[in-house]
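**Student:** Under mature numbering (1 follows the signal peptide of the UniProt record, and there is no 0), the residues of the sequence shown are numbered -29 to -1, 1 to 284, in order. Just passing along the structure, written as structure tokens.
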Amino acid sequence: GDGPTMRATPWRLATLPVLLLHAVSRANARTHAVTEFAAATRVEQGYACGETGTHTTAFSQETDLDLGGAGQGSIQFLARSQPQRQLYRVSRGSTFTNWCITCNVLGFAATLLRPPLMMQLAKNDALVKNGQLYRLLTSCWLHAGPLHLAVNCNSLSNIGPEVESLFGRQRFALTYLVSGVAGNLLSLASGTAPVAVGASGAVFGLLGSYTFFLMRNQRVLESRGMRGVDRTLSALGRTCLMNLVIGLSPGSRIDNMGHLGGFLGGMACAYSFGPRLLAPRGPMGPLIDQPLIRLPDTTRRRKQLQGVRRYGA
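Listed below in structure tokens is the structure:
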């Protein structure tokens, strides 16, 4: 028909409930009816999809998202078979990722305006051992220079939205903070960097959590048509190896033990409360997230998704 079909499917791993609305063209994707339907169902943003053969494309107000072959050619199968694929590119933003980047910039600006803050908040092994444990966290928001800040913020902007869209804001925030502290703890234990600042331990924690997520859920993701998991894992491995080589090069001031501690901390977080995807109803059934430790955020998100199921399969 001329208007969108009011049949929608929740994208089950989204940070907030997201509906895929079936429309026949780009024009129908931007009609008032779609906006009205999205508002009525209280979802983050309305998405409309059009199909031509086995090729499915999702449209939004901000950007176009090519989702490739949809297998059996149905919107329901698409939502189930390709969870979270590039969803962050058309979502309304990654709240905690942006907040972290902003805080890193503000922390750097504060040390420029008040230089003594650097030594008051940096990780200082001697002072931490003397009881100033807050430095294990505050040092994660400081940077030694503009290049240091730019590298970490760029890395965070690349990996952060992906992990936040998969984990949700609360699990992402906890992973980020725990990883930063874990990196500083291993650095403290090794004694390789008596004084250190930077968010790189937390960023490596996101790399570790994403790596563990893919390793844990690779089979179920590939059974739903998600391709390239092995390539992604290889790319993550190369990134970590490259940073290790740079850190071991002569004259390097990189805290490798801090990076390693953050990476291991992120993996531990993903193991404990990260997404553990199950498909009890088979390849065509819904994916269920059953982490070993369920945080309040994941419980709330499940209730939100249950609230929109009456509109979908």
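A virtual CB, placed ideally from N, CA and C, is assigned to each residue, including glycine. The structure displayed is predicted, hence computed values, not measured ones.
Please say whether C124 and N188 have beta carbons closer to each other than 8 Å?
**Tutor:** Numbered from 1 along the sequence shown, position 217 holds the residue referred to as residue 188. Numbered from 1 along the sequence shown, position 153 holds the residue referred to as residue 124. The answer is no: Cβ separation not under 8 Å.
**Student:** How is the alpha helix (DSSP H) around R198 delimited, first residue to last?
**Tutor:** Your numbering for residue 198 matches position 227 in the sequence shown. Looking at the DSSP string, R198 is not in any alpha helix (DSSP H), and its letter there is neither H nor E.
**Student:** Helix, strand or coil for L258, going by three-state DSSP, please let me know.
**Tutor:** What you label residue 258 is simply residue 287 of the sequence shown in a count that begins at 1. The answer is coil: DSSP assigns L258 none of H, G, I, E or B.
**Student:** Quick one: residues in its chain with C-beta nearer than 7 Å to the C-beta of L157, no 5 flanking neighbours on either side, listed in chain order?
**Tutor:** As a working note, residue 157 is residue 186 in the sequence shown. Same-chain partners within the cutoff: M228, G229, L231 and G232.
**Student:** Just to check my reading of the structure: G172 and S150 have Cβ atoms closer than 8 Å, yes? What is that Cβ distance to the nearest angstrom?
**Tutor:** Here residue 172 is taken as the residue at index 201 of the sequence shown, counted from 1. Here residue 150 is taken as the residue at index 179 of the sequence shown, counted from 1. G172 to S150, Cβ: 6 Å. Contact.
**Student:** Can you tell which of C211, Y147, L248 and L137 has its C-alpha closest to the C-alpha of W70?
**Tutor:** In the sequence shown, the residue the question calls residue 70 occupies position 99. Of C211, Y147, L248 and L137, the residue nearest in Cα terms is Y147.
**Student:** Could you check if C20 is buried or exposed, using at least 16 other CB atoms within 10 Å of its CB as the buried criterion?
**Tutor:** For the purposes of this step, residue 20 is taken as residue 49 along the sequence shown, with counting starting at 1. With a pLDDT of 40 at C20, under the threshold of 50, the modelled position of that residue is not reliable, and no figure is offered here.
**Student:** For A121 and G253, I'd like the C-alpha separation in whole angstroms.
**Tutor:** The sequence position of residue 121 within the sequence shown is 150, counting from 1. The sequence position of residue 253 within the sequence shown is 282, counting from 1. For A121 and G253, the distance between alpha carbons rounds to 45 Å.
**Student:** Between the beta-carbon of P132 and the beta-carbon of T68, is there less than 8 Å?
**Tutor:** Counting from 1 along the sequence shown, the entry for residue 132 is found at position 161. Counting from 1 along the sequence shown, the entry for residue 68 is found at position 97. In this structure, T68 lies closer than 8 Å to P132 by Cβ.
**Student:** Taking contact to mean 3 or more Cβ pairs, one atom from each stretch, closer than 8 Å, check whether the stretch 175 to 185 and the stretch 235 to 244 are in contact.
**Tutor:** With a cut-off of 8 Å, the stretch 235 to 244 and the stretch 175 to 185 count as touching, because enough Cβ pairs lie within range.
**Student:** Between H114 and F79, is the Cβ-Cβ spacing less than 8 Å?
**Tutor:** Taking the first residue of the sequence shown as 1, we reach residue 114 at position 143. Taking the first residue of the sequence shown as 1, we reach residue 79 at position 108. A contact, by the Cβ cut-off of 8 Å.
**Student:** Taking 8 Å as the threshold (C-beta atoms), are I264 and P251 in contact?
**Tutor:** For the purposes of this step, residue 251 is taken as the residue at position 280 of the sequence shown. For the purposes of this step, residue 264 is taken as the residue at position 293 of the sequence shown. Taking 8 Å as the Cβ cut-off, P251 and I264 do not qualify as a contacting pair.
**Student:** Compare the C-alpha of L88 against each of D96, N101 and W112 and name the closest.
**Tutor:** Along the sequence shown, read from residue 1 onward, the residue named residue 88 stands at position 117. The shortest C-alpha separation from L88 is found at W112.
**Student:** With a CB to CB cut of under 7 Å and the five nearest residues on each side skipped, what residues in its chain are close to T109?
**Tutor:** Position 138 of the sequence shown, counting from 1, holds the residue named residue 109. Excluding sequence neighbours, T109 sits near L92.
**Student:** Quick check on V149: does DSSP put it in helix, strand or coil?
**Tutor:** As a working note, residue 149 is residue 178 in the sequence shown. V149: helix per DSSP, three-state reduction.
**Student:** Tell me the DSSP bridge mates of K100?
**Tutor:** By one-based count along the sequence shown, residue 100 stands at place 129. BP columns for K100 are empty, so no partner.
**Student:** Apart from the five residues on each side of it in sequence, which residues of its chain come closer than 6 Å, Cβ to Cβ, to H3?
**Tutor:** For the purposes of this step, residue 3 is identified with residue 32 of the sequence shown, where counting begins at 1. In this prediction, H3 has a pLDDT of 46, which is less than 50 and means its spatial position is unreliable; what the coordinates show is noted afterwards. Here the set comprises nothing.
**Student:** Taking its Cβ as the centre, do 16 or more other Cβ atoms sit within 10 Å of A160, making it buried, or is it exposed?
**Tutor:** As a position in the sequence shown, residue 160 is number 189, starting the count at 1. Answer is exposed; the Cβ neighbour count stays below 16.
**Student:** Between L104, D226 and E193, which has its C-alpha nearest T163's C-alpha?
**Tutor:** Translated into positions along the sequence shown, residue 163 becomes position 192. Nearest option by C-alpha distance: D226.
**Student:** If you count every other CB in all the chains shown that lies within 10 Å of the CB of S223, and 16 or more means buried, which is it?
**Tutor:** Numbered from 1 along the sequence shown, position 252 holds the residue referred to as residue 223. Exposed, because fewer than 16 other Cβ atoms sit within 10 Å of the Cβ of S223.
**Student:** What are the partner residues of V166, as DSSP defines its beta bridges?
**Tutor:** For the purposes of this step, residue 166 is taken as the residue at position 195 of the sequence shown. Answer is N95.
**Student:** Rounded C-beta distance between F244 and L215? I'm assuming under 8 Å.
**Tutor:** By 1-based counting over the sequence shown, the position of residue 244 is 273. By 1-based counting over the sequence shown, the position of residue 215 is 244. The Cβ separation is near 27 Å, so there is no contact.
**Student:** Considering A239, what are the terminal residues of the alpha helix (DSSP H) in which it resides?
**Tutor:** Here residue 239 refers to the residue found at position 268 of the sequence shown. Its alpha helix (DSSP H) spans residues N227 to F244.
**Student:** How is the alpha helix (DSSP H) around C74 delimited, first residue to last?
**Tutor:** As a working note, residue 74 is residue 103 in the sequence shown. C74 -> alpha helix (DSSP H) spans T66 to L84.
**Student:** May I have the straight-line CA-CA distance separating F183 from P221, to the nearest angstrom?
**Tutor:** Taking the first residue of the sequence shown as position 1, residue 183 is located at position 212. Taking the first residue of the sequence shown as position 1, residue 221 is located at position 250. The alpha-carbon atoms of F183 and P221 are separated by roughly 31 Å.
**Student:** Going by C-alpha to C-alpha distance, which of L118, A153, R106 and L248 sits closest to K94?
**Tutor:** Residue mapping note: residue 94 aligns to position 123 of the sequence shown, counting from 1. The residue with the shortest Cα to Cα distance from K94 is R106.
**Student:** CA-CA distance, I145 and V174?
**Tutor:** For this step, residue 145 is matched to residue 174 along the sequence shown. For this step, residue 174 is matched to residue 203 along the sequence shown. In the sequence as presented, Ile is not what sits at residue 145; that position holds Leu. Computed Cα separation, rounded: 13 Å.
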